[in-house]
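Going letter by letter, the sequence shown gives residues 4 to 638 in the working numbering.
Here a beta-carbon is modelled for each residue, glycine too, at the ideal position from N, C-alpha and C.
In what follows, a single structure is set out as structure tokens and then discussed.
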Amino acid sequence: MVWMIPPHCNISPSELFGEKEMYLKRIAILTDSQIEFNKSKNRIEMWGGDENFDNLKEAARQFEAIANTVLERKKRGRNKTWDDWEKAERAPLTKKEEKKLERRKKREEEENKYKEMTNDPHPFYGFFVIPDSDIPIEQFIGKNGYMLDPVRIKFKCHIWHEPKHSYIKVVGKNHESVEEASLRVRGLFVKVFAYKSIPPRGWVFHMLEPPNKPHKVRIADPPSWFIKPYDVIDFKLLEPVFEGDKIPVVGKEDASKELDQSFDPAILQGIRESNSKNIEDAFVKALQHIHLLDEVIKIRIRVGHVCLTRFPQRKDSNPLWAIDKFEKVVLKNPRILSKFATCIATKDEQLDKLFDDLIFRSKAWEKSNESRKDEKETRDLDYSTCCQELDGSPFREFKIYAIRKIPDSENESWPCSFDVKVERYENEKGKIDRSSNSSKRTDRTHDKNDKIGLWDAVLNEKDILNISMACLDTSYSWKIHIQTARRLSNDKIGAQGNFVYKLRICPKGRLVYSNTKEINVLSVCEKTKWKYWWLKDYIIEITKYEYWNLSEHQNSPPGIDIPLSKEPSPIVTYGITLYNKSWDEVSFNSNLEPGEVPEWYPHEIVDEEKTGGINSLMKDINSFMEIIQKNVKMY
């Protein structure tokens, strides 16, 4: 196959192939093709076997994409010097276009008049006195007050800052509008003031779920097969030691020690009650500080292991801690640091027993309620044993981490991430195959007929609350995590949209992406999620993670396709997540207008009448952990 460089393009080989023919070699490797540039005939010659014909067409398409990128860049450069050229006359506007233009001008004039300070008398006015002069005014109303513009326009009020008197003044012709606008201004300040007081790492708590049998705690080295958390070198795990067992004495070979039981149920019950109260207080405090935040908010419970990276050392040689002393001296120490390892399996078959259990529960619940068909009887269903796989499971999506370059700035960039859902091909959804004795899943996670679906892009991800609960009665612990992130625009013609709408699924079912002028990819994580309704209000997510580190392609030029099917095999892990459906209500904050108050309130999340409160949550988590302990063995 031959691809001719169009003679009218005026593109040099170095522009098309890159330094030392870097792009040419890259495309040759990605398409498994032989590619050479014939300088005398000004053409690219490509060849391969019959089975490589599609790859050759793909190579030609990529060269064409590079050529178009170079031409577009040259065109932008020329336009900067052609500003003085006379433009062709525009055709006269139609009557419909004239009316549309006239309406737009009137609307803009109406909106702009509220953006200016006025001395005209108004029947109604309001003031918001700024209570904290340490917060720069631009931090909560924006540069030149641009964050007030939506409030001005919506409520038809003039709003401006009086620096001499340190207040915001609101004037208008309607009492309700002035009152609502004043509340929005107050909301803007409260949002900034509350968010400012959140610690840099958020609020971090370490707790211990007391065992039901007499145990002590040992801080131990992890086993060699343990999969450590990301970006952690040295850490320790918590190990329960049953009182009465014989264990080696530190520093003495062939020696043992008999433990004396110090099991006090009253002390352990006090720790449980203290945990519930502390979790409730932490929940409410965290949600109060982000209540008015117009960002994406996510609350999740994750299963895994608490990995201590910094902790107080014992002064004596005894390696064992009593439960109450460990809780006070170690876990409540303000200098303690930890990471949470979320990997609970590395192979598909390690979760077969868990899937079997969930499917058995699902069939049993459906059978027990199949006689209740009408809506009236459905309200009286017993949800205490509810377990049902969601329609469409397993779901497929991508988490793409990238660097977003800021246009018209000198090398300014920010880390951002994309959550891209996949529209699954309407066929078998990869459910459990029980037609034979084998318990393998038909894990149809890579289908060439899948398509890129809904997506979201965020930056400034911030941890608000981390509560790590170490459990001694089970092999796994759990963590409550609250995180926020600022949503970026999802316009199709914007920087994010330009990147996402070039994503596609290759014939092998893997993602294909290309960098753009603004977006450079660092890594991709493909997620396959099996979701189950559990009890009445919970969702269980069992997720397969396939991770590619793509930093070596970070500076790959725009237009060069990078198919994951050509990359080394990904790192594969499995994780388990639990969350209450009512928590999704807080995620709607990203749709709030400036200063708007959401429909939910922090205390509702822990309200006993609405959600059952923290005690009910703790009971449900413990029931969930029993399912995990029963069906998922340590890898």
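Pick from the options that is closest to residue i, judged by C-alpha positions
i           : options               : result
residue 226 : 238, 234 and 233      : 238
residue 243 : 587, 474, 627 and 612 : 474
residue 452 : 502, 507 and 99       : 507
residue 180 : 155, 203 and 198      : 155
residue 625 : 187, 279 and 97       : 279
residue 593 : 621, 491 and 614      : 491
residue 623 : 538, 94 and 518       : 538
residue 146 : 344, 163 and 159      : 163
residue 125 : 161, 98, 150 and 115  : 161
residue 401 : 407, 416, 421 and 482 : 421
residue 518 : 68, 57, 14 and 151    : 68
residue 307 : 606, 477 and 505      : 477
residue 454 : 514, 39, 496 and 555  : 514
residue 483 : 366, 565, 309 and 386 : 309
residue 604 : 293, 170, 427 and 75  : 293
residue 405 : 502, 356, 313 and 236 : 502
residue 2   : 589, 328 and 19       : An answer regarding residue 2 cannot be provided, because it is not within the stretch 4 to 638 covered by the chain.
residue 119 : 71, 60, 172 and 168   : 172
Three-state secondary structure (DSSP) of residue i
i           : result
residue 19  : helix
residue 405 : strand
residue 623 : helix
residue 612 : helix
residue 83  : With a pLDDT of 46 at residue 83, under the threshold of 50, the modelled position of that residue is not reliable, and no figure is offered here.
residue 537 : strand
residue 634 : helix
residue 210 : strand
residue 501 : helix
residue 190 : helix
residue 167 : coil
residue 276 : helix
residue 73  : helix
residue 486 : strand
residue 440 : At residue 440 the pLDDT is 39, less than 50, meaning the model places this residue with poor confidence and gives no usable figure here.
residue 159 : coil
residue 33  : helix
residue 460 : strand
residue 120 : coil
residue 148 : helix
residue 387 : helix
residue 178 : helix
residue 465 : strand
residue 338 : coil
residue 568 : helix
residue 154 : helix
Burial state of residue i, where buried means 16 or more other Cβ atoms lie within 10 Å
i           : result
residue 522 : buried
residue 498 : buried
residue 268 : exposed
residue 49  : buried
residue 469 : buried
residue 104 : exposed
residue 65  : buried
residue 34  : buried
residue 349 : exposed
residue 276 : exposed
residue 213 : buried
residue 551 : buried
residue 115 : exposed
residue 516 : buried
residue 200 : exposed
residue 367 : exposed
residue 3   : No answer is possible for residue 3: it lies beyond the span of the chain, which begins at 4 and ends at 638.
residue 38  : buried
residue 304 : buried
Any chain C beta carbon closer than 8 Å to residue i
i           : result
residue 462 : Of the protein chains in the structure, only one exists, and it is not chain C.
**OP:** At 4 residues or longer, and completely inside the segment 577 to 609: list those alpha helix (DSSP H) runs for me, N to C.
**Re:** 605 to 608
Original post:
Just checking, does the segment 574 to 584 make contact with the segment 536 to 554 on the three C-beta pairs under 8 Å criterion?
Top reply: yes
Original post:
Does the count of Cβ pairs from the segment 479 to 488 and the segment 297 to 304 closer than 8 Å reach three?
Top reply: The way I'd put it, the segment 479 to 488 does touch the segment 297 to 304; three or more beta-carbon pairs between them come closer than 8 Å.
Original post:
Residue ranges of each alpha helix (DSSP H) run of no fewer than 4 residues wholly in the segment 297 to 332, ordered along the chain?
Top reply: 326 to 329
Original post:
Hey, is the segment 558 to 571 in contact with the segment 397 to 412, meaning 3+ C-beta pairs nearer than 8 Å?
Top reply: Short answer: they don't touch.
Subject >> Sufficient close CB pairs (3 or more, under 8 Å) joining the segment 179 to 195 to the segment 131 to 146 >> reply: yes
**OP:** Go through the segment 348 to 374 residue by residue and report every complete run of the alpha helix (DSSP H) that reaches 4 residues or more, in order.
**Re:** 355 to 372
Subject >> Validate contact between the segment 526 to 541 and the segment 329 to 347 using beta carbons, cut 8 Å, 3 pairs >> reply: no
Original post:
Is the segment 456 to 468 touching the segment 193 to 211, taking contact as three or more C-beta pairs under 8 Å?
Top reply: For the pair of segments examined, the segment 456 to 468 was found to touch the segment 193 to 211: the number of CB pairs separated by less than 8 Å reaches three.
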